[in-house]
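Step one of this worksheet: look at the structure below.
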Amino acid sequence: MGKFIDVMQVEELEEILRQGGKKLFFKHSATCPISARAHQEVEQWLAERGPEQVVYRIVVQAARPVSNRLAEVSGVAHASPQVLWLDGTSPLWHTSHGQITRANLQAHIN
9 MGKFIDVMQV
19 EELEEILRQG
29 GKKLFFKHSA
39 TCPISARAHQ
49 EVEQWLAERG
59 PEQVVYRIVV
69 QAARPVSNRL
79 AEVSGVAHAS
89 PQVLWLDGTS
99 PLWHTSHGQI
109 TRANLQAHIN
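All residue numbers for the sequence shown refer to the numbering used here, where the first residue is 9 and numbers rise by one.
See below:
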């Protein structure tokens, strides 16, 4: 089973991005029912993955500067909920709202 790691500070995000490689980010709104459903989909997908799978979670109400910085460096306009699959800072795939499903994650994340 994979895990969530919450990213609360811009400095944490910068360090994650400096490490390079493929990273999965999930922007989550703690107050939105659509985001709650997307969170469940990501959780279900993570439950099927190995322990090495990490999803970097950004709760936008608690970490707005982190969310804004990720949009800036990736070139992907902010949405919430939103999933971004990056290689370094280059987007490989991203989606938002109702398109965040276990099936879409399985199809796009390798």
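Glycine included, each C-beta is placed from N, C-alpha and C at the ideal position. Given the structure is predicted, the values throughout are model-derived calculations rather than measurements.
Residue(s) in a DSSP beta bridge with residue i
i    : result
H102 : L92
Pair within 9 Å by beta-carbon distance, residue i and residue j
i    : j    : result
R77  : L21  : yes
I66  : H36  : yes
V81  : T97  : yes
F34  : V91  : yes
I13  : V63  : yes
H116 : L100 : yes
Buried or exposed by the 16-neighbour rule on C-beta atoms within 10 Å, applied to residue i
i    : result
K11  : exposed
A46  : buried
A71  : buried
Q69  : exposed
K31  : buried
E49  : buried
P89  : buried
V108 : Looking at the sequence itself, residue 108 is Ile, so the reference to Val does not match. Looking at its Cβ environment, which holds 16 or more other Cβ atoms inside 10 Å, I108 is buried.
Endpoints, alpha helix (DSSP H) assigned at residue i
i    : result
I24  : V18 to R26
Q114 : R110 to H116
Exercise. What are the start and end residues of each continuous beta strand (DSSP E) run of 3 or more residues lying completely inside the segment 31-86, in chain order?
Worked result: Along the segment 31-86, the beta strand (DSSP E) occurs as fully enclosed runs of 3 or more residues at 62-67, listed in sequence order.
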